[in-house]
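Notes follow the structure.
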(Lines of atoms letter the chains of each structure in order from A; the text may use other names.)
(Lines give C-alpha, C1' and ligand atoms only; values in the text may rest on other atoms or scores of the structure.)
Protein backbone atom coordinates (compact mmCIF):
# COMPACT_ATOMS: atom_id res chain seq x y z
CA UNK A 345 0.00 0.00 0.00
CA UNK A 346 1.38 3.40 -0.91
CA UNK A 347 1.48 6.26 1.57
CA UNK A 348 -0.80 9.28 1.40
CA UNK A 349 2.18 11.42 0.41
CA UNK A 350 3.07 9.06 -2.45
CA UNK A 351 -0.57 8.98 -3.57
CA UNK A 352 -0.71 12.80 -3.65
CA UNK A 353 2.61 12.97 -5.50
CA UNK A 354 1.43 10.53 -8.16
CA UNK A 355 -1.86 12.39 -8.61
CA UNK A 356 0.03 15.69 -9.00
CA UNK A 357 2.37 14.19 -11.58
CA UNK A 358 -0.55 12.71 -13.52
CA UNK A 359 -2.32 16.07 -13.53
CA UNK A 360 0.80 17.58 -15.10
CA UNK A 361 0.35 15.19 -18.05
CA UNK A 362 -3.02 16.69 -18.97
CA UNK A 363 -3.59 19.64 -21.30
CA UNK A 364 -4.47 22.97 -19.69
CA UNK A 365 -7.85 22.94 -21.44
CA UNK A 366 -8.96 20.00 -19.30
CA UNK A 367 -8.91 22.25 -16.24
CA UNK A 368 -11.19 24.89 -17.76
CA UNK A 369 -14.04 25.67 -15.35
CA UNK A 370 -12.81 23.07 -12.85
CA UNK A 371 -13.07 25.76 -10.20
CA UNK A 372 -12.73 23.40 -7.23
CA UNK A 373 -9.71 21.68 -8.72
CA UNK A 374 -8.68 18.13 -7.92
CA UNK A 375 -8.55 17.22 -4.28
CA UNK A 376 -7.35 14.12 -2.50
CA UNK A 377 -9.47 12.78 0.32
CA UNK A 378 -8.45 10.04 2.75
CA UNK A 379 -12.07 8.86 2.86
CA UNK A 380 -13.32 5.41 2.02
CA UNK A 381 -16.54 5.89 0.08
CA UNK A 382 -19.15 3.33 -0.84
CA UNK A 383 -21.80 4.34 -3.38
CA UNK A 384 -25.30 4.55 -1.95
CA UNK A 385 -26.38 1.56 -4.04
CA UNK A 386 -23.62 -0.79 -2.79
CA UNK A 387 -24.96 -4.06 -1.40
CA UNK A 388 -21.96 -4.70 0.82
CA UNK A 389 -18.30 -3.84 1.02
CA UNK A 390 -17.80 -4.86 -2.59
CA UNK A 391 -18.12 -1.53 -4.38
CA UNK A 392 -16.07 1.61 -3.73
CA UNK A 393 -15.95 5.08 -5.20
CA UNK A 394 -12.35 5.71 -6.29
CA UNK A 395 -12.94 9.14 -7.79
CA UNK A 396 -15.87 11.46 -8.23
CA UNK A 397 -16.71 14.44 -10.40
CA UNK A 398 -18.91 16.84 -8.44
CA UNK A 399 -20.88 19.91 -9.43
CA UNK A 400 -22.42 21.79 -6.53
CA UNK A 401 -23.25 25.45 -6.00
CA UNK A 402 -21.45 26.38 -9.21
CA UNK A 403 -18.25 24.63 -8.10
CA UNK A 404 -16.85 21.85 -10.27
CA UNK A 405 -14.25 19.56 -8.77
CA UNK A 406 -12.79 16.11 -8.86
CA UNK A 407 -12.27 14.14 -5.65
CA UNK A 408 -9.90 11.23 -5.42
CA UNK A 409 -10.53 8.84 -2.51
CA UNK A 410 -7.32 7.32 -1.11
CA UNK A 411 -9.20 5.21 1.45
CA UNK A 412 -11.28 3.58 -1.27
CA UNK A 413 -8.17 3.07 -3.41
CA UNK A 414 -6.47 1.26 -0.51
CA UNK A 415 -9.47 -1.02 -0.03
CA UNK A 416 -9.66 -1.97 -3.71
CA UNK A 417 -5.91 -2.10 -4.41
CA UNK A 418 -4.19 -2.83 -1.08
CA UNK A 419 -1.12 -4.36 -2.73
CA UNK A 420 -0.54 -1.69 -5.38
CA UNK A 421 3.01 -0.40 -5.41
CA UNK A 422 3.89 3.03 -6.82
CA UNK A 423 4.18 1.75 -10.40
CA UNK A 424 0.81 -0.04 -10.33
CA UNK A 425 -0.82 2.85 -8.44
CA UNK A 426 0.32 5.29 -11.13
CA UNK A 427 -1.27 3.14 -13.84
CA UNK A 428 -4.54 2.77 -11.92
CA UNK A 429 -4.73 6.42 -10.86
CA UNK A 430 -4.14 7.56 -14.44
CA UNK A 431 -7.26 5.65 -15.48
CA UNK A 432 -9.33 6.94 -12.56
CA UNK A 433 -8.32 10.56 -13.15
CA UNK A 434 -9.00 10.38 -16.86
CA UNK A 435 -12.38 8.83 -16.16
CA UNK A 436 -13.29 11.77 -13.90
CA UNK A 437 -11.95 14.33 -16.38
CA UNK A 438 -14.09 12.73 -19.09
CA UNK A 439 -17.12 13.35 -16.84
CA UNK A 440 -16.01 16.99 -16.50
CA UNK A 441 -15.52 17.49 -20.23
CA UNK A 442 -18.80 15.80 -21.12
CA UNK A 443 -20.60 17.93 -18.54
CA UNK A 444 -19.10 21.09 -20.04
CA UNK A 445 -20.07 19.90 -23.52
CA UNK A 446 -23.60 19.05 -22.36
CA UNK A 447 -23.13 15.46 -23.54
CA UNK A 448 -25.81 13.29 -21.96
CA UNK A 449 -26.53 10.63 -24.55
CA UNK A 450 -26.33 6.84 -24.63
CA UNK A 451 -22.62 6.90 -25.49
CA UNK A 452 -21.66 9.26 -22.67
CA UNK A 453 -19.67 8.12 -19.67
CA UNK A 454 -22.64 9.07 -17.50
CA UNK A 455 -24.77 6.51 -19.40
CA UNK A 456 -21.98 3.93 -19.31
CA UNK A 457 -21.66 4.32 -15.53
CA UNK A 458 -25.44 3.93 -15.16
CA UNK A 459 -25.40 0.72 -17.23
CA UNK A 460 -22.58 -0.62 -15.03
CA UNK A 461 -24.54 0.30 -11.89
CA UNK A 462 -27.67 -1.46 -13.19
CA UNK A 463 -25.64 -4.57 -14.08
CA UNK A 464 -24.19 -4.60 -10.56
CA UNK A 465 -27.66 -4.25 -9.03
CA UNK A 466 -29.09 -7.03 -11.20
CA UNK A 467 -26.28 -9.37 -10.07
CA UNK A 468 -27.20 -8.61 -6.44
CA UNK A 469 -30.97 -9.11 -6.69
CA UNK A 470 -32.32 -11.89 -4.57
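Numbering (the numbering used here), first residue to last: 345 to 470. Glycine included, C-beta positions come from ideal geometry on N, C-alpha and C. The model shown is predicted, which means the values in this text are computed figures rather than measured ones.
C-alpha gap between residue i and residue j, whole angstroms
{"i": "residue 448", "j": "residue 457", "result": "12 Å"}
{"i": "residue 439", "j": "residue 386", "result": "21 Å"}
{"i": "residue 350", "j": "residue 410", "result": "11 Å"}
{"i": "residue 379", "j": "residue 392", "result": "11 Å"}
{"i": "residue 484", "j": "residue 388", "result": "Within the shown structure, residues of the chain are numbered from 345 to 470, placing residue 484 beyond reach of any answer."}
{"i": "residue 356", "j": "residue 454", "result": "25 Å"}
{"i": "residue 451", "j": "residue 347", "result": "36 Å"}
Beta-carbon separation (whole angstroms), residue i vs residue j, contact threshold 8 Å
{"i": "residue 376", "j": "residue 345", "result": "Not a contact, Cβ separation roughly 15 Å."}
{"i": "residue 413", "j": "residue 394", "result": "6 Å"}
For residue i, the three-state DSSP class (helix, strand or coil)
{"i": "residue 441", "result": "helix"}
{"i": "residue 354", "result": "helix"}
{"i": "residue 369", "result": "coil"}
{"i": "residue 448", "result": "coil"}
CB contact check: residue i to chain D, cutoff 8 Å
{"i": "residue 363", "result": "The chain inventory of the structure shown lacks chain D, comprising one protein chain alone."}
How do the stretch 417-433 and the stretch 457-466 stand: do at least 3 beta-carbon pairs fall below 8 Å, yes or no? Judged by pairs of C-beta atoms under 8 Å, the stretch 417-433 does not touch the stretch 457-466, as fewer than three such pairs exist.
4-residue-minimum alpha helix (DSSP H) runs that sit fully inside the stretch 374-425, ordered along the chain: Entirely contained in the stretch 374-425, the alpha helix (DSSP H) runs reaching 4 residues are, in chain order, 410-416.
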